[in-house]
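Worksheet: the structure to be examined is printed underneath.
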Amino acid sequence: MKRKILVVCLGNICRSPLAQGIFEFYTSKDEVFVDSAATSNYHQDASPDHRSIKIGLKHNIDIRSQRSRQIKNLDFTNFNEIYAVDQSIYQRLLELAPEKEQQNKVKMIDERDVHDPYYGDENDFEAVFQQLDSCIQKLI
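Residue numbers (the numbering used here): 13 to 152.
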């Protein structure tokens, strides 16, 4: 069965687009489908943050074609792995999941929260990339 992975953050413009790109970099589209989403609707249909794009390209990962979207109920059915980037997103996903079976699909992407770099600088985005790269390699 093909793995269907969804990575969720707050706005779907910084952390989850990078995570999606990293998952796609390490896996085959024949075996794994990856998407990302937001718990908020702050940036509907927006491109990833320019700093996430820059860090991705630095590591040969192109996320420029991604567009942000808000998670929907159907995602809890369509995806068999749903990863939250931090505890607040994890708790929100558990609240949004319509049934216990879907709640069981929700997991933390790492044992530590992935810090939101939105108000930070390029070093913060690099740190997020390195953390995501490390934890995603363990998940694949």
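Glycine included, C-beta positions come from ideal geometry on N, C-alpha and C.
Here the structure is a predicted model, which is why all the values come from computation and not from measurement.
Beta-carbon within less than 6 Å of residue i's beta-carbon, same chain only, minus the 5 sequence neighbours each way: which residues are those?
{"i": "Q114", "result": "F88"}
{"i": "Q143", "result": "V126"}
{"i": "I121", "result": "Y95, V97, C147"}
{"i": "E93", "result": "I17"}
{"i": "F91", "result": "K16, L18"}
Bridge partners for residue i per DSSP, in chain order?
{"i": "Y95", "result": "V19, K119"}
{"i": "F45", "result": "K16"}
{"i": "A58", "result": "Bridge partners of A58: none, in fact."}
{"i": "Q82", "result": "A50"}
Look up residue i in the DSSP assignment and say whether it is helix, strand or coil.
{"i": "Y102", "result": "helix"}
{"i": "A109", "result": "coil"}
{"i": "I67", "result": "helix"}
{"i": "D87", "result": "helix"}
{"i": "P29", "result": "helix"}
{"i": "I34", "result": "helix"}
How would you write the range of the alpha helix (DSSP H) that residue i sits in, first residue to last?
{"i": "S40", "result": "S40 -> no alpha helix (DSSP H), and no H or E assigned at all."}
{"i": "D136", "result": "134 to 151"}
Near residue i, which residues of its chain fall below 8 Å by C-beta distance, leaving aside the five closest residues on each side in sequence?
{"i": "I75", "result": "P29, L30, Q32, G33, P60, S64, I65, G68"}
{"i": "I83", "result": "L18, V20, A49, A50, T51, L105, L108"}
{"i": "D136", "result": "H127, P129"}
Spatial neighbours of residue i within its chain, please: C-beta separation below 7 Å, excluding the five flanking residues on both sides.
{"i": "T21", "result": "This sequence places Cys at residue 21; Thr is not what is there. Excluding residues within five positions, the ones whose Cβ falls inside 7 Å are R27, S28, A50, V97, I101."}
{"i": "P110", "result": "N85, F88"}
Could you check if residue i belongs to the surroundings of the ligand MG, using beta carbon to heavy atom distance under 8 Å?
{"i": "T51", "result": "Because no ligand of any kind appears in the structure shown, any question about the ligand MG cannot be addressed here."}
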